[in-house]
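Engineer: Can you read through this structure? Questions will come right after.
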Amino acid sequence: MSELLVSNGWVYDPLNRIDGERMDIAIRDGRVVDGVSASARIVDASGMVVMPGGVDIHSHIAGSKVNLGRMMRPEDHEKDVESRTSVMRAGVGRSIPSTFATGYRYARMGYTTVFEPATPPLKARHTHEELNDTPMVDKGCFPLFGNNWLIMDYLKDGRLDECAAYVSWMLKATKGYAIKLVNPGGVEAWGWGKYVSGLDEPVPKFDITPREIIRGLCKINTFLNLPHPIHVHTNDLARAGNYETTIKTMDCVRDLYHGGKPIIHITHVQFTGRSGTDWINVGSGAPEIADYVNKHEHAEIDLGQIIFTDTTTMTADGGFQFLLYMISGNKWGNTDVEAETGGGIVPFHYKKSNYVNCIQWGIGLELALMIEDPWRVHMTTDHPNAGPFTEYPRVIAWLMSKNARGNVERKLNKSAHRRLNVSSLDREYTFYEVAITTRAATAKSLGLKDKGHLGLGADGDVSVYAINPTTINPSRDYRLVRKALRKAAYTIKDGKVLVKNGEVVASVPGKTLWVSSDVPQDTYDQMLTNLKERFEDYYTMRMSNYPIGEDYLKASRRFETVAGQRI
Ligand SMILES: [Zn+2]
2 MSELLVSNGW VYDPLNRIDG ERMDIAIRDG RVVDGVSASA RIVDASGMVV MPGGVDIHSH
62 IAGSKVNLGR MMRPEDHEKD VESRTSVMRA GVGRSIPSTF ATGYRYARMG YTTVFEPATP
122 PLKARHTHEE LNDTPMVDKG CFPLFGNNWL IMDYLKDGRL DECAAYVSWM LKATKGYAIK
182 LVNPGGVEAW GWGKYVSGLD EPVPKFDITP REIIRGLCKI NTFLNLPHPI HVHTNDLARA
242 GNYETTIKTM DCVRDLYHGG KPIIHITHVQ FTGRSGTDWI NVGSGAPEIA DYVNKHEHAE
302 IDLGQIIFTD TTTMTADGGF QFLLYMISGN KWGNTDVEAE TGGGIVPFHY KKSNYVNCIQ
362 WGIGLELALM IEDPWRVHMT TDHPNAGPFT EYPRVIAWLM SKNARGNVER KLNKSAHRRL
422 NVSSLDREYT FYEVAITTRA ATAKSLGLKD KGHLGLGADG DVSVYAINPT TINPSRDYRL
482 VRKALRKAAY TIKDGKVLVK NGEVVASVPG KTLWVSSDVP QDTYDQMLTN LKERFEDYYT
542 MRMSNYPIGE DYLKASRRFE TVAGQRI
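Taking this note's numbering, I'd label the letters of the sequence shown as residues 2 to 568.
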């Protein structure tokens, strides 16, 4: 039996409506309990902030494109070396850390769970090999479905039951956690050198529209009772005026909502929240998007907040990456994944002197400050696309302090600054709201009932930060907040202290979370017969070699769901 008591800290646990109360958190054998014996190890959190372990809903940390990014960027690694210690493996990397360094760096900030949000199903084996090698955190991955040939065929033919059975098969085969769509239909079009604009242009050769793909997968997501809503990177990424596509995407599933938690998650909205008609007059569409989210409970978003720094962009949206390559003239990597998706990689430096980059910075913060309900706006940087995850403390300081934002605003491109609304926004996040947007809301959205809170039975994942909320004023003292968040006083995972005073003191492998969803057997069998034929036609690989066994995961945590009665 192992026992730990986090004593006397100021606890922020929004899922249990605890807003800065001084209390103890007791953990026995990895779970929060109501008390421990006198022989328990004590972690003294007096005068410190205590929160559930951070839960990241969207961060590209593992898999083929991440690794291609690492190979493309020796300059990203050479000045940032993580030395071996008695408990740590060596590693490198600034914007694309190596696997072990990724785990250590998350743990140092008090994060204990991370989701890789874009895995080509065919390459899921690679993703899991890297997730197996990412210590300190629990993790999972979202397979890509929005440009999959079989999905488009099934939906086009109206065979939703079989399509749902196929999604269920794919989640098991790839050990995936949620349905991800990237530029639905558009990545396939780009494979043919074409573009699909908005929601209603048919995908070449498949004669199905993005709207039909999104709606079909949203219905299937609900039917399968999956824990997380469909996770959507919209069409028209980075185009001027694309805030309208973002709103239309949210609105296209509105009639499918019947209460409860949101049914659509739109990711990194900073990239799809632009007004204007071209690159010259691009502006912020955040007010319109925030207004829509404020009025509609079925939708939620994450930010993809820009950091002004050198980073590496990588996405399944290969067409967008080609555009970025043309604009920047930087290195460019491009891939096509047979019958499933594509991808691209381009290094990029966001600059305060650049008009469009400044607009991007403003869009992210305006979304965070204008969307009233912090449960439906999650803090991310779309790591590493808009900036590395190690800069989260900087973003949190901007959310908590108008002064911190003002310090950046003074250095922004002047005409961009004039077009933004950010300086008129006085809102400053509280510690309670920070706990919502970085752990409670993300855990809830992911359907992780044991995470994001510190109630009885929760995973014993706790972060302790050396800031006293009763004496500090985050608006004024934002630098102190930032510093404390960069190096947690303690990070505790399953009741074990992994980080102390910002240093890694112990390492654990962490578990891989995935979903096994059962559908009626007759539909499943019918789908499998059909799938075997299609597989022979479409893939260069045998179907028997495709699925990943549960024994392939270093530590598996399976979530089971049962499909509903009908779609
Ligand atoms: Zn992303």
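Each residue gets a CB set at the ideal place from its N, CA and C atoms; glycine is no exception.
Out of K140, S60 and I26, which has the shortest C-alpha to C-alpha gap to D45?
Structural biologist: Residue nearest to D45 within the set K140, S60 and I26 is I26 (criterion: CA-CA distance).
Engineer: Give the single residue among T250, A166, F272 and G10 whose Cα lies nearest to the Cα of E367.
Structural biologist: Taking only the C-alpha atoms, the option nearest E367 is F272.
Engineer: In the DSSP assignment, what are the bridge partners of W11?
Structural biologist: R23 and V50
Engineer: Given a cut-off of 8 Å on the beta-carbon distance, is the pair I493 and L5 in contact?
Structural biologist: yes
Engineer: With C-beta atoms as the reference, is H229 less than 8 Å away from L447?
Structural biologist: yes
Engineer: Assess, as a yes-or-no matter, whether the stretch 381–392 is touched by the stretch 317–334 under the definition of 3 or more beta carbon pairs within less than 8 Å.
Structural biologist: no
Engineer: Is it the case that the CB of T268 approaches a heavy atom of ligand 1 more closely than 7 Å?
Structural biologist: yes
Engineer: Does ligand 1 have a heavy atom nearer than 7 Å to the CB of N386?
Structural biologist: yes
Engineer: Let's see if you can read the secondary structure: which residues bound the alpha helix (DSSP H) around Y167?
Structural biologist: Unbroken alpha helix (DSSP H) run through Y167: L161 to T175.
Engineer: Is it true that the CB of T128 sits closer than 8 Å to the CB of L145?
Structural biologist: Not a contact, by the Cβ cut-off of 8 Å.
Engineer: What are the uninterrupted segments assigned as beta strand (DSSP E) that are 3 or more residues long and contained completely in the stretch 503–531, given in chain order?
Structural biologist: With a minimum length of 3 residues, the continuous beta strand (DSSP E) runs that stay inside the stretch 503–531 are 513–519.
Engineer: From the DSSP output, which residues share a beta bridge with C142?
Structural biologist: E117
Engineer: Does N335 come out as helix, strand or coil in the three-state DSSP assignment?
Structural biologist: strand
Engineer: Compare the Cα-Cα distances from D427 to each of S285, T210, M371 and D523 and report the closest residue.
Structural biologist: M371
Engineer: Tell me whether the beta-carbon of K176 lies closer than 8 Å to the beta-carbon of L554.
Structural biologist: yes
Engineer: Using alpha carbons as the reference points, say which of L69, G54, D14 and V50 lies closest to T313.
Structural biologist: Of the candidates L69, G54, D14 and V50, the one whose C-alpha sits nearest the C-alpha of T313 is L69.
Engineer: Is the beta carbon of C164 closer than 8 Å to that of R216?
Structural biologist: Taking 8 Å as the Cβ cut-off, R216 and C164 do not qualify as a contacting pair.
Engineer: With a CB to CB cut of under 8 Å and the five nearest residues on each side skipped, what residues in its chain are close to W280?
Structural biologist: A241 and V357
Engineer: In the DSSP assignment, what residue or residues form a beta bridge with I28?
Structural biologist: Its beta-bridge partners are L5 and V33.
Engineer: Which residue marks the beginning of the beta strand (DSSP E) containing R18, and which one marks its end?
Structural biologist: Counted as a single uninterrupted DSSP element, the stretch harbouring R18 is not any beta strand (DSSP E), since DSSP gives it neither H nor E.
Engineer: In terms of alpha-carbon separation, which member of K353, E339 and G330 lies closest to V347?
Structural biologist: G330
Engineer: Using three-state DSSP, classify D279 as helix, strand or coil.
Structural biologist: coil
Engineer: Nearest by alpha-carbon distance to M49: which of T471, K195, S545 and G277 is it?
Structural biologist: Taking M49 as reference, the option from T471, K195, S545 and G277 with the minimal CA-CA separation is T471.
Engineer: Give the DSSP bridge partners of P348, in chain order.
Structural biologist: Looking at the DSSP assignment, P348 forms a beta bridge with T313.
Engineer: My parser needs the alpha helix (DSSP H) runs of 4 or more residues fully inside the stretch 363–405; what are they?
Structural biologist: The DSSP assignment places 393–401 as complete runs of the alpha helix (DSSP H) inside the stretch 363–405, in order along the chain (cut-off: 4 residues).
Engineer: Identify which residue in G550, V463 and L481 has its Cα closest to the Cα of M137.
Structural biologist: V463
Engineer: If you scan the stretch 447–507 from start to end, which runs of the alpha helix (DSSP H) of 4 or more residues do you find wholly inside it?
Structural biologist: 479–487
Engineer: Between N148 and D311, what straight-line distance do the alpha-carbon atoms span, to the nearest angstrom?
Structural biologist: 30 Å
Engineer: Let me check you understand the geometry: is the CB of T316 closer than 7 Å to at least one non-hydrogen atom of ligand 1?
Structural biologist: Flag set: Cβ of T316 near ligand 1.
Engineer: So if DSSP puts G92 in a beta bridge, which residue, or which two residues, is it bridged to?
Structural biologist: E83
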